[in-house]
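Asks: So for the sequence shown, the numbering used here puts the first residue at 170; every next one is plus one.
No residue lacks a Cβ here, since even glycine has one placed at the ideal position from N, Cα and C.
Quick one: structure below, then a few questions.
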Amino acid sequence: LFVHSAEGSEFWSALLEKAYAKCGPSPPLPAPPVSGRNPPKTAPLVAHRVNGCYEALSGGSTSEGFEDFTGGVTEWFDLRRPPADLYQIILKALERGSLLGCSIDITSAFDMEAVTFKKLVKGHAYSVTGAKQV
């Protein structure tokens, strides 16, 4: 995750990035109650940790970022084998206000940051804000 503002006087994006990087372990929460004939004597605890440091922001996936920020679920499609109705899926998602992103997979560390002939950077995430059939 990396964010910045095009406006020099805005710093909300830097604060958001800092908060996301600093988000560490939250207090353990009790697991849901267990019913039945022989419930365990103690309920297991569930802990949640997002990042804890800036280094943890390097890597990951677009899906993880969307889930962390929205609490929603994500769905992804491998464009080497896309569903026949992918264009309609994208249009419907945009119409509903869903967040969409895409990236180019890397096959080796050498590929990281490589620029394609279309000027896209491998290993970077891009927001999808619209779709047009060409």
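With burial defined as no fewer than 16 other Cβ atoms inside 10 Å of the residue's Cβ, what is the status of Thr231: buried or exposed?
Replies: Thr231 is buried by the Cβ-count criterion.
Asks: Starting from Ser232, follow the alpha helix (DSSP H) in both directions and report where the run begins and ends.
Replies: Counting along the chain, the alpha helix (DSSP H) containing Ser232 begins and ends at 231–239.
Asks: Please name the residue or residues paired with Ser272 in a DSSP beta bridge.
Replies: The partner list for Ser272 (beta bridge, DSSP) reads Ala294.
Asks: Restricting to Cα atoms, I'd like to know which of Tyr256, Leu268, Lys191 is closest to Val303.
Replies: Per the Cα distances, Tyr256.
Asks: Opposite Val284 in the DSSP bridges: which residues?
Replies: Answer is Val290, bridged to Val284.
Asks: Under 7 angstroms, do Ile259 and Ala294 count as touching if we go by C-beta distance?
Replies: Not closer than 7 angstroms, so no.
Asks: For the candidate residues Gly292, Ala262, Ser296, Lys287, whose alpha-carbon lies nearest to that of Met281?
Replies: Ranking Gly292, Ala262, Ser296, Lys287 by Cα distance to Met281 puts Gly292 first.
Asks: In this structure, does DSSP put Trp245 in helix, strand or coil?
Replies: Trp245 falls in the coil class under three-state DSSP.
Asks: Does the distance from the C-beta atom of Ser296 to that of Gly270 stay below 7 angstroms?
Replies: It is a contact, given that the beta carbons lie within the stated cut-off.
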